[in-house]
Every structure is written in C-alpha cells, then in structure tokens.
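To keep things clear, I will list the structure first and then write my remarks on it.
Residue numbers (our numbering): 2 to 129.
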C-alpha cells in the first residue's frame, strides 16, 4: 500500500500503467506452470535417493520446458503486446523491455521452483 503511491509519483501515470500491465501479463502467463511443484513434493518425499534424483531431474526438465514455452509465447507476441494493450507510442520500446524482463523473471522463477519443492519434501516428516 505504500509502494503504489510512491511508484505513481516517481513513474507518472503512463509508466505506472505499464508496470501494472506487466504484473497482469506475467500473472496470466504464470498460470502455465500447471502447479507442478505440489505433486513433486509428494513424490520427492516418498522416494529413495536414486528415485528422488530421477524425479528431481525430470521435474527440472519439465519446468525448464514450461519456462521455455512461456518465453517463446512472449517472444512470438512481443511485437503485438504493446499494441494490444494500447501502450502510448513513446513508451512502446520501454514497455517491451519491461514486459521482457517481467517474463524473463517469471520463466527463471518457474524453472527454479523445483528447489523449494525439494526443501518441502525433506520436511514431510509424515512420509520420510
């Protein structure tokens, strides 16, 4: 609640709107992760060391593929996103960069979400 007025004052209404749109776009793309982390926790907690390693490797490969799909979808649509969202012409290059950084952060976060799953699996005392 404190950050929004500060950002609005510093960025101005147009750039603040771009910042808000980046949140909406990355939030929508975030739905593509299909919540893989939660089932991974169960299977990682139940397996022995060799099985855990195989599950973690397969999970990481899948999450990297999901992150790649997110990045590819944005990459294919990056030229159209600012037009679809009616970003003012002087801000389109800056907005494209902001969207790209937001999607890159989302893709990296998606790919790395395996590691909290491993930590959560080790805390499942009912299974381990």
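Even for Gly, the Cβ is constructed at its ideal location relative to N, Cα and C.
ask   = In whole angstroms, what separates the C-alpha of residue 45 from that of residue 61?
value = For the purposes of this step, residue 45 is taken as residue 44 along the chain shown, with counting starting at 1. For the purposes of this step, residue 61 is taken as residue 60 along the chain shown, with counting starting at 1. Whole-angstrom Cα-Cα distance: 12 Å.
task = Along the alpha helix (DSSP H) that carries residue 54, what are the first and last residues, could you check?
result = Translated into positions along the chain shown, residue 54 becomes position 53. That run of the alpha helix (DSSP H) goes 50 to 85.
Buried versus exposed call for residue 114 [16 or more other C-beta atoms within 10 Å across all chains shown] = In the chain shown, the residue the question calls residue 114 occupies position 113. Its Cβ being crowded by 16 or more others within 10 Å, residue 114 is buried.
inquiry  = One question on the structure: do residue 37 and residue 63 come within less than 8 Å of each other, judged by their Cβ atoms?
reply    = The residue labelled residue 37 in the question sits at position 36 within the chain shown. The residue labelled residue 63 in the question sits at position 62 within the chain shown. Going by C-beta atoms, residue 37 is nearer than 8 Å to residue 63.
ask   = Near residue 112, what residues of its chain come up, given a Cβ to Cβ distance below 6 Å and the 5 sequence neighbours on each side ignored?
value = In the chain shown, the residue the question calls residue 112 occupies position 111. Around residue 112, the same chain offers 64, 65, 68 as residues with beta carbons nearer than 6 Å, after the five sequence neighbours per side are excluded.
Nearest-angstrom Cα separation, counted from residue 4 out to residue 33 = For the purposes of this step, residue 33 is taken as the residue at position 32 of the chain shown. For the purposes of this step, residue 4 is taken as the residue at position 3 of the chain shown. Their Cα atoms are separated by approximately 28 Å.
request  = Classify residue 151 as helix, strand or coil using the three-state DSSP reduction.
outcome  = Not covered by the structure: residue 151. The range shown for the chain is 2 to 129.
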